[in-house]
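Residue numbers (the working numbering), protein chains in the order written: chain A, 1 to 261; chain B, 1001 to 1298. In this text, a Cβ means the ideal position worked out from N, Cα and C, and glycines have one as well.
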Amino acid sequence: MNAVFSIANTTVGEAIRRRVLLIILMIGVLLLSIVPSLGVLSARSESSVMIATMFFVLRFTSALIAIILTVYMIPNEIERRTIYTILSKPVQRWQFLLGKFFGAVLALAMMIGLMSLVMIVLFWVFRHPDIGKLFELGRQALLYFVEMSLLAAVAIFFSTFTTPLVNFFISIGLWLVGTVLNPLYETISQNNSNPIMQKVAQFATTLLPNFENFDTKNPIINPGSMIRNETVYYLQVTGYGLLYITILLIGGILIFDRREV
Amino acid sequence: MHGKVNVVDNLNLEVEEGEIFGFLGPNGAGKTTTIKMLLGIIYPTSGEGYVLGREIGDMNVHKVISYLPERPYYYEHMTGMEILRFYGSLFHIRDEAKFESLLEKVNLAGDKSKTISQYSKGMQQRIGLAQSLLNDPKLLFLDEPTGGLDPIAHTEIRDLILQFRDEGRTVFISSHELSEVERICDRVAIIDKGKIKQQGRLEDLLSGGRIEIIADGVSQEVADKAKSTDAITSFHNGRLIVDMPETTDVNALLDSIRSKNGKVISVVPRRRRLEDLFIETVSDKPGADRSAGAEVGS
Chain A
1 MNAVFSIANT TVGEAIRRRV LLIILMIGVL LLSIVPSLGV LSARSESSVM IATMFFVLRF
61 TSALIAIILT VYMIPNEIER RTIYTILSKP VQRWQFLLGK FFGAVLALAM MIGLMSLVMI
121 VLFWVFRHPD IGKLFELGRQ ALLYFVEMSL LAAVAIFFST FTTPLVNFFI SIGLWLVGTV
181 LNPLYETISQ NNSNPIMQKV AQFATTLLPN FENFDTKNPI INPGSMIRNE TVYYLQVTGY
241 GLLYITILLI GGILIFDRRE V
Chain B
1001 MHGKVNVVDN LNLEVEEGEI FGFLGPNGAG KTTTIKMLLG IIYPTSGEGY VLGREIGDMN
1061 VHKVISYLPE RPYYYEHMTG MEILRFYGSL FHIRDEAKFE SLLEKVNLAG DKSKTISQYS
1121 KGMQQRIGLA QSLLNDPKLL FLDEPTGGLD PIAHTEIRDL ILQFRDEGRT VFISSHELSE
1181 VERICDRVAI IDKGKIKQQG RLEDLLSGGR IEIIADGVSQ EVADKAKSTD AITSFHNGRL
1241 IVDMPETTDV NALLDSIRSK NGKVISVVPR RRRLEDLFIE TVSDKPGADR SAGAEVGS
């Protein structure tokens, strides 16, 4: 695990210095900072609008960071030949791939952590909520972090055999589809009596990563909406994310292990 | 193999312990592919290979070998010292004194706190050599170690490579710089179209120099005699230029020129150079195949 840790550590060092990521992060923080002033534009509860908009900014910015951070990760190492000096040492390819993934996850944790902190502080300053509300915000931010780790695993998986550009579109496409899987499935189930279509919808919903599961902002915004057993739900969703990440990493390792670099 | 093209085929290299071995070939001959296969970075389509008596890809081999790729890139945000710490950690080496001494060895002790982005090409190559020495390797693979460097950096890298041999390490160099290889290598192999065409000690491969004779007032009869030998001749208006192997009877030709009132202007012995051998070998001349087979090991 020493090699995995060393590679992860170096990956974090490089990721937090990538200008494009820092610019996206700055834009994210800037957008979060102006969200409190948008509440006056809505007739709805200002707090609800503020939370919904902040979550949207946090989620979208994090997804962009996760994808841009990871799609270039492996191809860059090959193109710049850094991988040769590493793999000629006693380092296995799976260690290299895991090191890269964990490095990406650590960098994501730092960036999402920073944006979440800005979000919580701003909400506290402008809305003076009780501590329970702040905890709910923090918990949702944590779920977004698991979601983005899954998205990073998707991008790392595809980076073992596709070009960065193709990978960018596949990853962003899967994320967008994954965020509407639940409503899509419900619509098809309710409005389509064709059993084949229903099976296809069920299969797609099961096979594709369901990113919608990680978005629980509705119960936070809308007091009428609630999750029946919160602890079980959050554990299940986190477990789902970790299981999916594990499957993607194993798949990525198997492909990368035989790939010519 | 890449796709359906044989990049290297039936390759046997014999590298002796403690020598500098030059691996030569034109662009696309398969040099880098061979090195990557030996390092287990790419896989042969078929067959097997051994390095230091162990199968390619064996992690125990990776503990005692090292590799410096052509024009390597190092993480630019890191300092020279951090580079050594990073690569050292891949071997579980955390010996700061060792890092210091390696930086000293490659003459970068004063620049250890500078980031790689502040290093010149020569300095980057030197930090590359330092990282390749972290595990005290028995066998070093250097791919174009002096490529793109200025003459001073060239000399510094050459001196370091010679120093590695003095320390008892085996150095495997892939290079296009034939004069450099001729200066430092003990033995060479020339690869072309994926096959070894020449392999052996430099002094053996370069033996058999040539002699150039220029004479004036030479008769046609003597010129014809010179042409009948194993020589390259040029004859025009009584001037004869002969380029012949030193093993030919030079004195007999000189005697015949003089006996027919010719005037010998110059007799210049010319040593065979690695460049001559290389061009002869890769220019598809018959009889260029003089390889000897064995596995890579030292």
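Cβ-based neighbour list, A/Trp94, same chain, cut-off 6 Å, excluding 5 preceding and 5 following
Along the first sequence, read from residue 1 onward, the residue named residue 94 of chain A stands at position 94. Only Ile253 meet the Cβ criterion.
Please check the pair B/Ala1226 and B/Val1250, which I expect to be a contact at CB under 8 Å, by giving their CB distance rounded to whole angstroms.
Your numbering for residue 1226 of chain B matches position 226 in the second sequence. Your numbering for residue 1250 of chain B matches position 250 in the second sequence. Contact between B/Ala1226 and B/Val1250 is ruled out by a C-beta separation of about 11 Å, above the 8 Å threshold.
Please state whether DSSP places B/Ile1232 in a helix, a strand or coil.
The residue given as residue 1232 of chain B occupies position 232 in the second sequence. Reduced to three states, the DSSP call for B/Ile1232 is strand.
Compute the minimum distance between the beta carbon of A/Tyr240 and the heavy atoms of the ligand HEM, and state whether it is under 7 Å.
This structure simply doesn't include the ligand HEM, nor any ligand for that matter.
Determine, using beta carbons only, whether B/Glu1182 and B/Leu1274 come nearer to each other than 8 Å.
Taking the first residue of the second sequence as position 1, residue 1182 of chain B is located at position 182. Taking the first residue of the second sequence as position 1, residue 1274 of chain B is located at position 274. In this structure, B/Glu1182 places its C-beta atom within 8 Å of the C-beta atom of B/Leu1274.
When DSSP labels each residue in this structure, what does A/Lys89 get in the three-state scheme?
Here residue 89 of chain A is taken as the residue at index 89 of the first sequence, counted from 1. In this structure, DSSP gives A/Lys89 a state outside helix and strand, which the three-state scheme calls coil.
Spatial neighbours of B/Glu1180 in its chain, beta-carbon cut-off 7 Å, leaving aside the 5 residues before and after:
Against the second sequence, residue 1180 of chain B aligns to sequence position 180. Taken in chain order, the residues that qualify are Thr1146, Arg1158.
Do A/Ser159 and A/Met73 have their CB atoms nearer than 8 Å?
Taking the first sequence and counting its residues from 1, the one referred to as residue 159 of chain A is at position 159. Taking the first sequence and counting its residues from 1, the one referred to as residue 73 of chain A is at position 73. Cβ distance < 8 Å, so A/Ser159 and A/Met73 count as in contact.
Neighbouring residues, chain B, relative to A/Thr205 (Cβ below 8 Å)
Residue mapping note: residue 205 of chain A aligns to position 205 of the first sequence, counting from 1. Per Cβ cutoff of 8 Å: no residues; A/Thr205 is ~38 Å from chain B at best.
State yes or no: is the beta carbon of A/Tyr84 nearer than 8 Å to at least one beta carbon in chain B?
The sequence position of residue 84 of chain A within the first sequence is 84, counting from 1. Answer yes: the Cβ-Cβ gap between A/Tyr84 and chain B drops below 8 Å somewhere.
Apply the 10 Å Cβ neighbour rule to B/Gln1131 and answer buried if 16 or more other Cβ atoms are within range, or exposed otherwise.
Against the second sequence, residue 1131 of chain B aligns to sequence position 131. With 16 or more other Cβ atoms inside 10 Å of its own Cβ, B/Gln1131 counts as buried.
Quick check on B/Ile1196 - is its C-beta less than 8 Å from some C-beta in chain A?
Reading the second sequence from its first residue, position 196 is the one you call residue 1196 of chain B. No, no contact with chain A.
Find the residues of chain A that neighbour B/Lys1031, judging by a C-beta separation of less than 7 Å, and give them in chain order.
Against the second sequence, residue 1031 of chain B aligns to sequence position 31. Those do not exist, as B/Lys1031 stays about 14 Å from chain A at its closest Cβ, beyond 7 Å.
Just to confirm before moving on: does the CB-CB distance between A/Glu14 and B/Tyr1074 stay below 8 Å?
For the purposes of this step, residue 14 of chain A is taken as residue 14 along the first sequence, with counting starting at 1. For the purposes of this step, residue 1074 of chain B is taken as residue 74 along the second sequence, with counting starting at 1. No, Cβ-Cβ distance for A/Glu14 and B/Tyr1074 is not below 8 Å.
Where the stretch 86–114 of chain A meets chain B: residues whose CB sits under 8 Å from a CB there:
Contact annotation: in the stretch 86–114 of chain A, residues whose CB is within less than 8 Å of a CB in chain B are Ile86, Leu87, Ser88, Lys89, Pro90, Val91, Gln92.
To the nearest angstrom, report how far apart B/Leu1024 and A/Met110 are at their CA atoms.
Locating residue 1024 of chain B in the second sequence gives position 24, counting from the first residue. Locating residue 110 of chain A in the first sequence gives position 110, counting from the first residue. In this structure, the alpha-carbon of B/Leu1024 lies about 48 Å from that of A/Met110.
Following the continuous beta strand (DSSP E) through A/Lys133, name the residue where it begins and the one where it ends.
For the purposes of this step, residue 133 of chain A is identified with residue 133 of the first sequence, where counting begins at 1. For A/Lys133, there is no enclosing beta strand (DSSP E); the enclosing alpha helix (DSSP H) covers residues 131–159.
Please report the Cβ distance between A/Leu134 and A/Ile112, rounded to the nearest whole angstrom; I am assuming they are in contact, meaning their Cβ atoms lie under 8 Å.
In the first sequence, counting from the first residue as 1, residue 134 of chain A sits at position 134. In the first sequence, counting from the first residue as 1, residue 112 of chain A sits at position 112. About 16 Å; that fails the 8 Å criterion.
Simplified DSSP state of B/Leu1142, which is helix, strand or coil
Walking along the second sequence from the start, residue 1142 of chain B turns up at place 142. Look at B/Leu1142 here: in three-state DSSP terms it is strand.
Kindly indicate which residue of A/Pro219, A/Glu260, A/Ile24 has the alpha-carbon position closest to the one of A/Gln140.
Along the first sequence, one-based indexing puts residue 140 of chain A at 140. Minimum Cα distance to A/Gln140 is reached at A/Pro219.
Of all the CB atoms in chain B, is at least one closer than 8 Å to the CB of A/Gly13?
Numbered from 1 along the first sequence, position 13 holds the residue referred to as residue 13 of chain A. Yes, A/Gly13 counts as interfacial toward chain B.
Give the residues of chain B in contact with A/Thr10, contact being defined as C-beta atoms less than 7 Å apart.
The sequence position of residue 10 of chain A within the first sequence is 10, counting from 1. Here the neighbours are Tyr1075, Phe1086.
Compare the beta carbon distance of A/Tyr240 and A/Asn213 with 8 Å and say whether it is the shorter of the two.
Along the first sequence, read from residue 1 onward, the residue named residue 240 of chain A stands at position 240. Along the first sequence, read from residue 1 onward, the residue named residue 213 of chain A stands at position 213. Result yes, Cβ atoms of A/Tyr240 and A/Asn213 sit closer than 8 Å.
Quick one: list the residues of chain A neighbouring B/Met1059, beta-carbon separation under 8 Å, in chain order.
The residue labelled residue 1059 of chain B in the question sits at position 59 within the second sequence. Within chain A, the residues placing a beta-carbon under 8 Å from that of B/Met1059 are Pro90, Gln92, ordered along the chain.
Quick check: what's the CA-CA separation for A/Lys217 versus A/Ala155?
On the first sequence, residue 217 of chain A is found 217 positions in, with the first residue counted as 1. On the first sequence, residue 155 of chain A is found 155 positions in, with the first residue counted as 1. Rounded to the nearest angstrom, the two C-alpha atoms are 25 Å apart.
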